[in-house]
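>
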Amino acid sequence: MLQLHVPKDYSLDSRTFQKMQWENPFLYLRKEGNAILMEENSIEFDKLNFVELTFPRVISEGLYLEIDELNPDLKKIEFHQNKLQIHMGTIAFISAFSVLVGFVIIQWNRKHKFGTAYDAQADFIIKDGGHKIPDIGLVKGRLIEHINEKGFIAGTPSLIVEVVSNKYALQQDLRKMAEHWMPNGTEIGLVIDPHRKEYHVFEQGEENYKSFPFETIFEHTKLPELELDFNALLVEARGEEE
Numbered sequence: 348m349l350q351l352h353v354p355k356d357y358s359l360d361s362r363t364f365q366k367m368q369w370e371n372p373f374l375y376l377r378k379e380g381n382a383i384l385m386e387e388n389s390i391e392f393d394k395l396n397f398v399e400l401t402f403p404r405v406i407s408e409g410l411y412l413e414i415d416e417l418n419p420d421l422k423k424i425e426f427h428q429n430k431l432q433i434h435m436g437t438i439a440f441i442s443a444f445s446v447l448v449g450f451v452i453i454q455w456n457r458k459h460k461f462g463t464a465y466d467a468q469a470d471f472i473i474k475d476g477g478h479k480i481p482d483i484g485l486v487k488g489r490l491i492e493h494i495n496e497k498g499f500i501a502g503t504p505s506l507i508v509e510v511v512s513n514k515y516a517l518q519q520d521l522r523k524m525a526e527h528w529m530p531n532g533t534e535i536g537l538v539i540d541p542h543r544k545e546y547h548v549f550e551q552g553e554e555n556y557k558s559f560p561f562e563t564i565f566e567h568t569k570l571p572e573l574e575l576d577f578n579a580l581l582v583e584a585r586g587e588e589e
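Residues in the sequence shown are numbered from 348 upward in steps of one, following the working numbering.
This is the structure in structure tokens:
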């Protein structure tokens, strides 16, 4: 079960709540005060990267910020229009793998001075108004150029990396890349799947993404000298000998 606290002044009357249940057929919803309790219906939480909760109306940035503040125990929360995404936990080797991928990108960025690298704590306000959090984001230019008056990062990273944390949830990350990051200006998107040992490359202007096995080292002309050997990084993340 998941619990989401909402502000006291957010209406959760019976009509609103009934509409919310209709719009979330994959969840059993109930309320306790100003908390929404979510239980599994036709989905299993442990097979998801994130649980998506549809609200009866568009979520404002102010409401999103209040919800985020009221729920410090939740890993991370994103929103887009009237949909709130609550991210699930990550198993140990996936977390270690993500850190290693980020480390290689950061080291490359320090050498080539491409821009500013961000981890999964960074909250981006993308062009269509949604708040999105990548596993790794690389933005051209200096840090100060990206921050808006509220302290959030305005705009979309040139390079986005999403690591598939749950082996059943690859399609969620592919949709997130295709529907949110790429249409809002990301130039290169990587969805890395350590469970199947493959990765998927999205490029601006290309209709379809391309898939590669981990044996193929990732390189790109727009990221000169960056090499990501996902096989080697996965071995290191698992603490194994090559």
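Glycine is no exception: its CB is placed at the ideal position from the N, C-alpha and C atoms. On a predicted model such as this, the values are computed, not experimentally measured, just so you know.
Tell me whether Gln350 sits in a helix, a strand or coil according to DSSP, three-state version.
Note: Gln350 maps to strand in three-state DSSP.
> How many Å lie between Asp482 and Phe397 at the Cα?
C-alpha separation (whole angstroms): 13 angstroms.
> Within 10 angstroms of the Cβ of Met348, are there 16 or more other Cβ atoms? Answer buried if so, exposed if not.
Met348 is exposed by the Cβ-count criterion.
> If we count the other Cβ atoms within 10 Å of its Cβ and call it buried at 16 or more, is Val405 buried or exposed?
Counting Cβ neighbours within 10 Å, Val405 comes out exposed, since fewer than 16 surround it.
> To which residues of the same chain is Lys474 closer than 8 angstroms at the C-beta, ignoring the five residues directly before and after it?
The residues are Gly502, Thr503, Asn531, Gly532.
> Can you tell me whether DSSP reads Arg404 as helix, strand or coil?
DSSP places Arg404 in coil when its eight states are reduced to three.
> Would the stretch 508 to 520 count as touching the stretch 537 to 547 if we require 3 or more Cβ pairs under 8 angstroms?
Output reads yes: the stretch 537 to 547 touches the stretch 508 to 520.
> Any idea if Thr463 is buried or exposed, counting beta-carbon neighbours within 10 angstroms, 16 or more meaning buried?
Buried is the call here.
> With burial defined as no fewer than 16 other Cβ atoms inside 10 Å of the residue's Cβ, what is the status of Ser358: buried or exposed?
Ser358 is exposed by the Cβ-count criterion.
> Quick one: residues in its chain with C-beta nearer than 8 angstroms to the C-beta of Gln519, no 5 flanking neighbours on either side, listed in chain order?
Cβ within range, chain order: Leu395, Asn396, Phe397.
> Just to confirm the assignment: which complete beta strand (DSSP E) runs, minimum length 3, are found wholly within the stretch 504 to 583?
Fully enclosed beta strand (DSSP E) runs of 3 or longer: 506 to 510, 535 to 540, 545 to 550, 557 to 560, 565 to 567, 570 to 575.
> Using the three-state DSSP reduction, which class does Met435 fall into: helix, strand or coil?
Here Met435 sits in coil by DSSP.
> Assuming Phe364 is part of the alpha helix (DSSP H), what are its boundary residues?
Taken as a continuous stretch (DSSP letters only), the alpha helix (DSSP H) holding Phe364 covers 361 to 369.
> Hey, is the stretch 450 to 464 in contact with the stretch 407 to 416, meaning 3+ C-beta pairs nearer than 8 angstroms?
Judged by Cβ distances under 8 angstroms, the stretch 450 to 464 makes no contact with the stretch 407 to 416, as fewer than three pairs qualify.
> Leaving out five residues on either side along the sequence, give the residues of the same chain with a beta carbon under 6 angstroms from the beta carbon of Glu386.
Around Glu386: Met348, Tyr375.
> Thinking just about the alpha-carbon of each residue, which of Phe364, Leu412, Asn388, Phe549 is nearest to the one in Pro354?
When each option's Cα is compared against that of Pro354, the closest is Leu412.
> Below 7 angstroms CB to CB, which residues in the same chain sit around Phe440 once its five sequence neighbours on both sides are set aside?
Once the five neighbours on either side are set aside, the close Cβ partners of Phe440 are Ala584, Arg585.
> So does the stretch 523 to 530 actually touch the stretch 545 to 558, counting three or more Cβ pairs closer than 8 angstroms?
Verdict: yes, contact present.
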